Amino acid sequence: MAPLTINDVRKSYGALEVLHGVNIDITDGEFVVLVGPSGCGKSTLLRMLAGLEDISAGEVSIGGRVVNALQPKERDIAMVFQSYALYPHMTVKQNMGFSLKLARAPKQDVRDRVLDVAKTLNLEDYLQRYPRQLSGGQRQRVAMGRAMVRNPEVFLFDEPLSNLDAKLRVKMRSEIKQNHHRLKTTTVYVTHDQVEAMTMADKIVVMNAGRVEQVGSPLELYDRPANIFVAGFIGSPAMNLIAGRIVDGHFLGSDGTCMAVPAPAARLEGQEVKLGIRPEHLVIDPQGHPAEVLTVEPTGSETLVLMQLAGHEIVGVFRERITLAPGKPLSLSLMPDHIHLFDTQTGLRIPLSPEN
Amino acid sequence: MQKQSTGYLFILPALMVLGMLIAYPVAYTGLLSVTDNAGNFVGLENFRRVLAARATPIAFWNTLWWVLGSIIFQVLFGVMAAILLNQNFRGRAIVRSVTLVPWVVPGIVAATTWAWMLHTEFGIINYMLTAPGLIDKPIGWLTNGNTVMPVMIAINIWKMFPFVAIMVLAGLQSIPNDLYEAARIDGASFWEEVWYVMLPQVRSVIVAITLLLVIWALNHITIIYAITRGGPANKTLITPIQIFRTAFDGMQFGQAAALSVMFFGVAIVIVFIYIRTLASNPEEAR
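Chain order of the listed sequences is A and B.
Under our numbering, think of the first position of the first sequence as 64, with each following residue one higher.
Under our numbering, think of the first position of the second sequence as 5, with each following residue one higher.
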C-alpha cells in the first residue's frame with residue numbers, strides 16, 4: 064500500500080502530445096477509476112504508471128518515490144491486462160508464482176503464497192490447469208491472483224472486465240471490490256464503462272482527449288458535473304441537455320419554450336446556456352411543459368421514455384408504471400433542485416447555489 | 005458406398021501420378037538391391053558386399069557428425085538470429101533481408117564460392133588470417149583431414165540458419181505483446197523473457213524445423229559433393245555421397261541400392277524416435 068502521485072504528466076509521440084499535463088493525487092488504499100471514451104489517454108496513462116511507456120514530462124511517484132526512470136519490476140506494482148496475458152505454456156500455479164520465481168523466492172514460500180491467494184480466489188481446484196482449460200471468469204481470476212501473489216504497493220487494472228459477458232462482468236466487479244476491501248491496496252482501474260466506474264470507485268477521474276475533466280467521488284460527479292462532457296459521460300441514460308439562454312430570469316429554449324429555473328440564474332441574464340436535467344429528475348405534471356412521446360422502453364423496474372421537448376430529444380426515467388404510447392402528448396416539469404446550467408461557450412457548469 | 009467409390013474414381017489420376025513418382029522408385033530401389041547389374045537375382049549379396057566395404061562405417065560416422073554438428077548450430081544460430089531480428093532497431097528490415105541471402109543462394113553457387121574462399125593459396129580466408137599475422141602459414145582448410153569436415157559443417161550452418169531464423173521469427177511475431185509486458189511487470193529480465201516467454205511459445209516451431217533439418221542433412225549431397233566429393237581420404241564421405249559414388253562412379257547400382265535401403269531404414273528410425281520423444285508433448289495437447 065502506498066500513495067501515488069501523478070504530477071503534470073505528459074506524453075508525446077514525436078510532435079503529437081496525447082496527454083496534456085495530468086495531475087492526480089491518489090491516497091493510500093484508494094480505489095481510483097480512470098474513465099473516458101476510447102482514445103482519451105487513460106490506458107496510456109496507466110501504462111506510464113506501470114512503466115510500459117516512457118513518461119515524456121512530469122513526475123509519477125509511488126510511496127513518495129519518483130519512479131519515472133525505474134523499470135516496471137522496480138516500481139512494486141502489479142498489473143491485470145485486458146487480455147489477461149496469462150502465459151499459455153504455464154499452469155495456473157506457475158502463472159501465479161512466476162513473479163516470485165523470478166525474484167528467486169524460496170520454492171516453499173512461492174507454493175504457500177500461491178496456495179494462499181488461490182484459496183481466496185477459489186482457484187485451488189484449478190492450480191494444475193493450463194489457461195486454455197479455464198473459462199473467461201476463471202482466467203480473469205488467475206490474472207488477478209498473479210497480481211495479488213506479489214503483494215504489490217499498487218494494483219493496475221487495464222479494462223479487466225471488457226472480455227467477459229454482461230452477467231459475469233457484474234459478478235467479477237463485486238469480486239474485485241471485495242478483494243480491495245480485504246487487501247486495501249491502492250488501485251488504479253481503467254475502464255470506458257461509466258457504470259463500472261460509478262459502482263467500483265472511491266474516486267473517479269474522468270478523462271477526455273488527454274486531459275482530466277474532473278476528479279471526484281462517484282456521487283459528486285453525478286450530482287455536480289464540472290462541465291458538459293462529464294455531465295454527458297457519467298450517468299446512464301445520459302443527462303439531457305437543452306440549448307437556450309436566460310431571459311427575464313427564465314430559461315428560454317431555442318424553440319421558444321420558457322422554463323422556470325432557480326432564482327440565482329437571474330444574474331446570467333442574456334447569457335447563452337445549456338440546461339441539463341437527468342432523466343430521473345423529470346416529473347409528469349399536468350401543469351408542465353408539453354412534450355411528445357417518441358418511444359417507450361419498459362424495463363420492469365422503471366420505464367424509459369424518449370420524448371420531444373423544447374425541440375430536443377430527451378429521455379425520462381419513471382419508476383411508476385405509466386401507460387404511454389408513441390405519438391401521444393405528455394406534460395413534464397423539471398425538479399428545480401436538480402437543474403444544471405452550463406455555459407455554452409466554455410462548457411463549464413454554472414453553480415446556482417452556494418452548496419452546489 | 006456408391007459415393008465412396010465415386011470418390012476413389014476422382015482421386016485415381018492423382019494416385020497414379022503419386023504412385024509413379026513415389027512408390028515406383030522406392031519399389032525399384034528395393035528390386036535393384038537384390039539384383040546384379042545384369043538384372044540377375046543375387047539375394048543379399050549386395051548388402052553383404054556394401055557392409056564389408058571399408059568406406060561404409062566411415063561414412064556412417066561422418067554422417068552422424070555431419071547431421072549432429074549441422075543441426076545443433078543451425079538451430080542455435082537460427083534461434084539467436086530470430087530473437088535479434090525480432091527486436092526493434094534501425095534498419096531492421098534491411099538486416100532481415102540480408103540474413104536471408106545464404107538461404108536464397110543456390111547450393112552449388114554457394115559451394116563453389118566457399119571452395120574458392122577456402123582455397124589454401126588463393127583463398128580470401130587464408131589471406132585475411134595471414135595478412136595481419138593471426139596465423140603463420142596458410143591452412144589447408146579443404147585438404148587437412150582435421151579441418152575439412154568442420155568447414156563443411158560450417159558452410160551448411162551458414163546456408164541453413166537463415167531458414168531457421170525466418171521460421172522462428174514468424175513464430176515470435178505471433179506472440180502477443182501483452183505476454184512480454186506481463187513478463188516485464190512480473191520482473192523478467194531480457195534473458196528471462198527469452199527463456200520463459202519466447203522459447204516456450206516457439207517450441208513447436210523449433211521442433212518441426214529441427215525435424216526438417218535432420219531430414220535435409222541426412223539426404224544432403226550438394227555442398228560436400230561440389231567441394232570435396234567426399235575426400236580427402238573419405239574424411240567428408242557421408243552416406244548419401246557414398247551411395248551416389250557407388251552408383252555413378254563405381255557403377256555398382258545393386259550395392260548403391262542396398263545401401264540406400266539400409267540408409268532409408270535408419271533414417272526412418274531416427275525420425276520416428278525424434279517425433280516420439282520431442283514432438284509429442286502431452287502437456288501441450290490442444
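For glycine and all other residues, C-beta sits at the position ideal for the given N, C-alpha and C.
As the structure is a prediction and not an experimental result, all values here were calculated from the model.
Next item on the list: Output yes or no for whether 8 Å exceeds the beta carbon distance between residue 372 of chain A and residue 352 of chain A.
Entry: As a first step, residue 372 of chain A is located in the first sequence; it is residue number 309 there, counting from the start. As a first step, residue 352 of chain A is located in the first sequence; it is residue number 289 there, counting from the start. Cβ distance < 8 Å, so residue 372 of chain A and residue 352 of chain A count as in contact.
Notebook entry, point to check: When the Cβ atoms of the region 48-55 of chain B are set against those of the region 224-237 of chain B, are three or more pairs found closer than 8 Å?
Noted result: Inter-segment contact for the region 48-55 of chain B and the region 224-237 of chain B is absent: fewer than three beta-carbon pairs are separated by less than 8 Å.
Item checked: Residues in the region 139-157 of chain A having any Cβ partner in chain B nearer than 9 Å -> Cβ contacts with chain B: 140, 141, 142, 144, 145, 146, 147, 148, 149, 150, 151, 152, 153, 154.
Margin query: By DSSP's criteria, residue 371 of chain A is part of a beta bridge. Which residues make up the other side?
Written below: Start at 1 with the first residue of the first sequence, and residue 371 of chain A comes out as number 308. Note: residue 371 of chain A sits in a beta bridge opposite A:355, A:376.
Item checked: Residue closest to residue 157 of chain B, alpha-carbon to alpha-carbon, out of B:178, B:205, B:207, B:241 -> What you label residue 157 of chain B is simply residue 153 of the second sequence in a count that begins at 1. That would be B:241, whose Cα lies nearest to the Cα of residue 157 of chain B.
Item checked: Rounded C-alpha distance that separates residue 133 of chain A from residue 274 of chain A -> Residue 133 of chain A sits at position 70 when you count from the first residue of the first sequence. Residue 274 of chain A sits at position 211 when you count from the first residue of the first sequence. Roughly 25 Å separates the two Cα atoms.
Margin query: Strictly below 7 Å CB to CB, what residues from chain B border residue 135 of chain A?
Written below: If you number the first sequence from 1, residue 135 of chain A lands on position 72. Contact annotation for residue 135 of chain A against chain B: 188, 189 [CB-CB distance below 7 Å, chain order].
Next item on the list: For residue 152 of chain A, I'd like the list of residues in its chain whose CB is within less than 8 Å of its CB, leaving aside the five on either flank, ordered along the chain.
Entry: To locate residue 152 of chain A, count along the first sequence from 1; it is residue 89. Counting only residues of its own chain and dropping the five nearest sequence neighbours on each side, residue 152 of chain A has a CB closer than 8 Å to the CB of 193.
Next item on the list: State the Cα-Cα distance for the pair residue 251 of chain A and residue 109 of chain A, rounded to the nearest angstrom.
Entry: For the purposes of this step, residue 251 of chain A is taken as residue 188 along the first sequence, with counting starting at 1. For the purposes of this step, residue 109 of chain A is taken as residue 46 along the first sequence, with counting starting at 1. About 8 Å.
Check: Skipping 5 residues on each side, what residues in its chain have a beta carbon closer than 8 Å to that of residue 119 of chain B?
Finding: For the purposes of this step, residue 119 of chain B is taken as the residue at position 115 of the second sequence. Here the set comprises 146, 230, 231.
Checklist line | Contact check, residue 401 of chain A vs residue 330 of chain A, beta carbons under 8 Å | finding: Translated into positions along the first sequence, residue 401 of chain A becomes position 338. Translated into positions along the first sequence, residue 330 of chain A becomes position 267. Cβ atoms of residue 401 of chain A and residue 330 of chain A: not closer than 8 Å.
Item checked: residue 45 of chain B versus residue 258 of chain B: straight-line alpha-carbon distance, rounded -> In the second sequence, counting from the first residue as 1, residue 45 of chain B sits at position 41. In the second sequence, counting from the first residue as 1, residue 258 of chain B sits at position 254. When rounded, the distance between both Cα atoms is 10 Å.
Item checked: Simplified DSSP state of residue 116 of chain A, which is helix, strand or coil -> Translated into the one-based positions of the first sequence, residue 116 of chain A becomes position 53. Three-state result, residue 116 of chain A: coil.
Item checked: Environment of residue 250 of chain B [buried if 16+ CB atoms lie within 10 Å] -> Taking the first residue of the second sequence as position 1, residue 250 of chain B is located at position 246. Only buried fits residue 250 of chain B, as 16 or more other CB atoms lie within 10 angstroms of its CB.
Next item on the list: Would you list, in chain order, the members of the region 195-224 of chain B that have their beta-carbon closer than 9 Å to a beta-carbon of chain A?
Entry: Listed in sequence order: 196, 200, 201, 204, 205, 207.
Next item on the list: Compute the Euclidean distance between the alpha carbons of residue 288 of chain B and residue 183 of chain A, then round it to the nearest angstrom.
Entry: Here the question's residue 288 of chain B lines up with position 284 in the second sequence. Here the question's residue 183 of chain A lines up with position 120 in the first sequence. Annotation note: pLDDT 48 at residue 288 of chain B (below 50); position unreliable, coordinate value reported separately. Rounded to the nearest angstrom, the two C-alpha atoms are 28 Å apart.
Item checked: Within 8 Å, strictly: CB atoms of residue 374 of chain A and residue 295 of chain A -> Here residue 374 of chain A refers to the residue found at position 311 of the first sequence. Here residue 295 of chain A refers to the residue found at position 232 of the first sequence. No; because the gap between Cβ atoms is not below 8 Å, this pair is not in contact.
Check: At what residues does the beta strand (DSSP E) containing residue 68 of chain A begin and finish?
Finding: For the purposes of this step, residue 68 of chain A is identified with residue 5 of the first sequence, where counting begins at 1. For residue 68 of chain A, the uninterrupted beta strand (DSSP E) run begins and ends at 67-76, by DSSP.
Next item on the list: Examine chain A for any beta-carbon lying closer than 8 Å to the beta-carbon of residue 86 of chain B, and answer yes or no.
Entry: Your numbering for residue 86 of chain B matches position 82 in the second sequence. No, residue 86 of chain B does not count as interfacial toward chain A.
Notebook entry, point to check: Which class does residue 141 of chain B belong to by DSSP, given the choice of helix, strand or coil?
Noted result: Looking up residue 141 of chain B in the second sequence gives position 137. In the structure shown, residue 141 of chain B sits in coil (DSSP, three-state: anything other than H, G, I, E or B).
Notebook entry, point to check: Thinking C-alpha only, which one of A:406, A:379, A:365, A:68 is nearest residue 357 of chain A?
Noted result: What you label residue 357 of chain A is simply residue 294 of the first sequence in a count that begins at 1. Nearest neighbour of residue 357 of chain A by Cα position, chosen from A:406, A:379, A:365, A:68, turns out to be A:379.
Check: Which residues of chain B have a Cβ atom closer than 7 Å to the Cβ of residue 161 of chain A, listed in chain order?
Finding: Residue numbering aside, residue 161 of chain A sits at position 98 when the first sequence is read from its first letter. Here the neighbours are 190.
Next item on the list: Please check if any C-beta of chain A sits within less than 8 Å of the C-beta of residue 286 of chain B.
Entry: On the second sequence, residue 286 of chain B is found 282 positions in, with the first residue counted as 1. Bear in mind that the predicted position of residue 286 of chain B carries a pLDDT of just 49, short of 50, making it too unreliable to give a figure here.
Notebook entry, point to check: Since residue 57 of chain A and residue 186 of chain A are thought to touch, with beta carbons under 8 Å apart, how far apart are those beta carbons, to the nearest angstrom?
Noted result: Since the first residue of chain A shown is 64 and the last is 419, residue 57 of chain A is not available in this structure.
Item checked: Interface residues of the region 101-127 of chain A facing chain B [CB-CB below 7 Å] -> Under the 7 Å Cβ criterion, the region 101-127 of chain A contributes 113, 115.
Margin query: By the 7 Å beta-carbon criterion, what residues does the region 153-186 of chain B contribute toward chain A?
Written below: Those would be 180, 182, 183, 185, 186, in chain order.
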